[in-house]
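A.B. asks: Please find one structure pasted underneath; my questions will follow.
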Amino acid sequence: MIDKQAVRIRRLITVIGKRTMTRQGIMAELDLSQAGLRNFRNNYLGPAMEMGFVRMVKPASPTSPEQAYALTQKGLDVL
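Position in the sequence shown (first residue = 1) + 1 = this note's numbering.
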């Protein structure tokens, strides 16, 4: 059986790569609609951050419209 969460996180890591990206940019490259924001947060971004693969660029301002995401060293190692 395929672990869906692992597949989603792998896709997210591949999309971000060595770049810094906004939520909107990541969702666009994953071909997820803006209406699927809850799905994106619950199934992609949240788990990837909890597992230490992705980090906020501006952790002091988590809701900033300028917030962006990048891979941690752990994420880069997977990449």
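Backbone N, C-alpha and C fix where the C-beta goes; we use that ideal spot for every residue, glycine too. These figures come from a predicted structure and were not determined experimentally.
What runs of the beta strand (DSSP E), each 3 residues or longer, lie entirely inside the segment 47 to 76?
C.D. replies: Listed in chain order, they are 55 to 57, 69 to 72.
A.B. asks: CA-CA distance, R11 and I3?
C.D. replies: Indexing the sequence shown from 1 puts residue 11 at position 10. Indexing the sequence shown from 1 puts residue 3 at position 2. Distance between the alpha carbons of R11 and I3 is about 13 Å.
A.B. asks: Work out the CA separation of E30 and R22 for me, nearest whole Å.
C.D. replies: If you number the sequence shown from 1, residue 22 lands on position 21. If you number the sequence shown from 1, residue 30 lands on position 29. With the sequence shown as reference, residue 22 is identified as Met, and Arg is not the correct amino acid for it. Taking the straight line from one Cα to the other gives about 10 Å.
A.B. asks: Tell me which residues share the same chain as K59 and place their Cβ nearer than 8 Å to its Cβ, disregarding the 5 neighbours each side in the sequence.
C.D. replies: One-based indexing of the sequence shown puts residue 59 at position 58. Cβ neighbours of K59 beyond the five flanking positions: S65, E67, Q68, A69.
A.B. asks: If you scan the segment 7 to 32 from start to end, which runs of the alpha helix (DSSP H) of 4 or more residues do you find wholly inside it?
C.D. replies: For the segment 7 to 32, whole alpha helix (DSSP H) runs of length 4 or above, ordered along the chain, are 24 to 30.
A.B. asks: Consult DSSP for L80 and reduce its assignment to one of helix, strand or coil.
C.D. replies: Numbered from its first residue, the sequence shown carries residue 80 at position 79. Reduced to three states, the DSSP call for L80 is coil.
A.B. asks: Distance, Cα to Cα, L33 vs F41?
C.D. replies: For the purposes of this step, residue 33 is identified with residue 32 of the sequence shown, where counting begins at 1. For the purposes of this step, residue 41 is identified with residue 40 of the sequence shown, where counting begins at 1. Cα to Cα, the separation comes out at about 8 Å.
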